[in-house]
Amino acid sequence: MAGEIEDVDESIATGVGLYALSDATLHDAAKAAGVTSWELEEAIVEAGLGEAFGIDGEADVTAEIDRLLDEQL
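Taking the numbering used here, the leading residue of the sequence shown gets 17, the next gets one more, and so forth.
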């Protein structure tokens with residue numbers, strides 16, 4: 017197929033596009049594309065776009081949960 021890029025998962029590419037170009041959350045973009053949030057986040061970080069999207073591939077999950085809980089209080 018003309019214009020096809022080898023080794024690109026179309027579902028992941030769709031998820032990245034939805035996340036980048038719409039108001040969709042990472043979770044919503046992943047769900048609409050038929051992939052998990054983890055897969056989409058990993059693909060974004062591997063593509064070197066983590067910083068642009070505010071995603072830290074090495075984030076401390078416990079600290080992030082605590083931060084979010086503190087925001088709710």
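The C-beta atom is built at its ideal place from N, Cα and C for all residues, glycine as well.
Every value quoted in this text rests on a predicted model; they were computed, and no experiment measured them.
A direct Cα-to-Cα measurement between D86 and D72 gives close to 20 Å. It is roughly 10 Å from the alpha-carbon of A40 to the alpha-carbon of G33. Beta-carbon to beta-carbon, G31 and V51 are separated by about 5 Å, close enough to satisfy the 8 Å threshold.
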